[in-house]
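Asker: Quick one: this structure, given as structure tokens, is what I'll be asking you about.
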Amino acid sequence: MNGLDFGFGPIEAEFWRWLFVMTRIGAAMLAAPIFGAGSVPMQLRVVVTGAVAALVCAWTNVVAPPAVLSAAGLLWIGGEVLVGLSLGFVLQLSFAAPMIAAEVIGGGMGMSMASAVDPNTGAHSPALGQYYVVVLTLVFLALGGHLQWLNLVVKSYETFPPGQTWLGADRLEGIAAFASIMFATAVAIALPVTLVLLIVQVVAGVLSRSAPALNLFALGLPAGVLAGLAALIISAPLATDQMADLSAQAIDQVEQVITP
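Note that the working numbering has the sequence shown beginning at 92, numbered continuously upward.
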């Protein structure tokens with residue numbers, strides 16, 4: 092059957108079915124920004140994946156391939172990984188929008204040099220990017236987005252049962268098209284602060300032309316930082332609403348991926 096037979100009969104068949112179901116759920120959590128963060132211990136990911144897979148086995152009639160370790164079984168596993176990574180990648184795109192907005196704002200404020208190592212990804216990210224990611228994470232969790240996303244992962248077994256997991260060109264194109272929404276949201280988040288910074292830079296340039304004795308860098312950089320911080324504080328409610336809309340759009344896009 093599976094290349095390994097421990098002699099437990101039906102119990103062993105359920106064990107292989109449980110492991111097979113864990114494939115899609117584990118791939119989705121690995122690609123998702125919150126569940127797959129580097130700060131989440133691997134043991135916790137395995138426990139959560141196994142718990143959700145046990146519920147899926149109890150709620151649905153998912154059928155594992157007759158021989159999981161055969162060539163056909165490995166193709167089934169590849170399809171499960173494809174669906175799981177696609178569902179998690181949509182959330183990853185939504186969480187990339189604040190990072191892009193932070194790059195734009197940080198460049199205008201002169202704070203692009205202030206970067207830190209992101210503990211979740213291991214890559215360098217601007218300090219403002221960490222602030223926006225924390226805000227988006229809190230908004231996403233407060234709205235129950237993680238529960239809705241897990242619900243959609245479970246529902247994906249109805250649309251894409253094992254063995255029929257090819258998404259199709261239209262769904263893959265929809266996932267790629269969601270990147271345009273991500274860029275538009277990043278621009279919308281950065282626009283209020285960028286406009287304030289533009290006005291400050293124009294005023295600093297006019298002052299430097301009218302009074303050449305003034306040092307443009309000594310005047311413009313502190314003014315840009317102060318104006319940017321003030322604009323961030325004032326636009327915080329607007330940014331929160333935008334991130335709530337971004338979370339809702341991400342969940343809607345995941346639902347479109349699994350919609351028949």
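Each residue gets a CB set at the ideal place from its N, CA and C atoms; glycine is no exception.
Can you check whether the CB of L337 is closer than 8 angstroms to the CB of T276?
Answerer: Sequence index remark: in the sequence shown, residue 276 carries index 185 (1-based). Sequence index remark: in the sequence shown, residue 337 carries index 246 (1-based). In this structure, L337 lies closer than 8 angstroms to T276 by Cβ.
Asker: Quick check: the stretch 132-145 against the stretch 170-186, are at least 3 beta-carbon pairs closer than 8 angstroms?
Answerer: no
Asker: If we ignore side chains and look at the alpha-carbon of each, how far apart do L219 and E194 end up?
Answerer: Translated into the one-based positions of the sequence shown, residue 219 becomes position 128. Translated into the one-based positions of the sequence shown, residue 194 becomes position 103. Cα to Cα, the separation comes out at about 8 angstroms.
Asker: According to the neighbour-count rule (16 or more other Cβ atoms, all chains shown, within 10 Å of its Cβ), is G94 buried or exposed?
Answerer: Mapped onto the sequence shown, residue 94 falls at position 3. Model confidence at G94 stands at a pLDDT of 49, short of 50, so the residue's coordinates are unreliable and nothing is read from them.
Asker: Starting from the C-beta of I325, find all residues in its chain whose C-beta is less than 7 angstroms away, skip the five residues before and the five after it, and write them out in chain order.
Answerer: As a working mapping, residue 325 is identified with position 234 in the sequence shown. Hits under 7 angstroms: none found.
Asker: Answer with yes or no whether the minimum CB distance from A318 to chain C is below 8 angstroms.
Answerer: Protein chain content of the structure displayed is limited to a single chain, and chain C is not contained in it.
Asker: With C-beta atoms as the reference, is Q344 less than 8 angstroms away from F251?
Answerer: Start at 1 with the first residue of the sequence shown, and residue 344 comes out as number 253. Start at 1 with the first residue of the sequence shown, and residue 251 comes out as number 160. Against a cut-off of 8 angstroms, the Cβ pair of F251 and Q344 comes out as no contact.
Asker: Helix, strand or coil for S338 per DSSP?
Answerer: The count along the sequence shown starts at 1 and reaches residue 338 at position 247. The answer is helix: DSSP assigns S338 an H, G or I state.
Asker: With a CB to CB cut of under 6 angstroms and the five nearest residues on each side skipped, what residues in its chain are close to F231?
Answerer: As a working note, residue 231 is residue 140 in the sequence shown. So the list reads S338, once near-sequence residues are dropped.
Asker: Can you give me the start and stop residues for the alpha helix (DSSP H) that P253 sits inside?
Answerer: As a working mapping, residue 253 is identified with position 162 in the sequence shown. Note, P253: premise wrong, no alpha helix (DSSP H); not H, not E.
Asker: Using DSSP with H/G/I as helix, E/B as strand and the rest coil, what is P132?
Answerer: Your numbering for residue 132 matches position 41 in the sequence shown. The answer is coil: DSSP assigns P132 none of H, G, I, E or B.
Asker: Tell me the residue span of the alpha helix (DSSP H) that contains A123.
Answerer: As a position in the sequence shown, residue 123 is number 32, starting the count at 1. Note, A123: premise wrong, no alpha helix (DSSP H); not H, not E.
Asker: Is T350 helix, strand or coil when you go by DSSP?
Answerer: As a position in the sequence shown, residue 350 is number 259, starting the count at 1. DSSP places T350 in coil when its eight states are reduced to three.
Asker: For M113 versus V139, is the C-beta spacing smaller than 8 angstroms?
Answerer: Along the sequence shown, read from residue 1 onward, the residue named residue 113 stands at position 22. Along the sequence shown, read from residue 1 onward, the residue named residue 139 stands at position 48. No.
Asker: Relative to the C-alpha of E249, which residue among I116, S130, N152, Q134 is closest?
Answerer: Against the sequence shown, residue 249 aligns to sequence position 158. Comparing Cα-Cα distances from E249 to each of I116, S130, N152, Q134, the minimum goes to N152.
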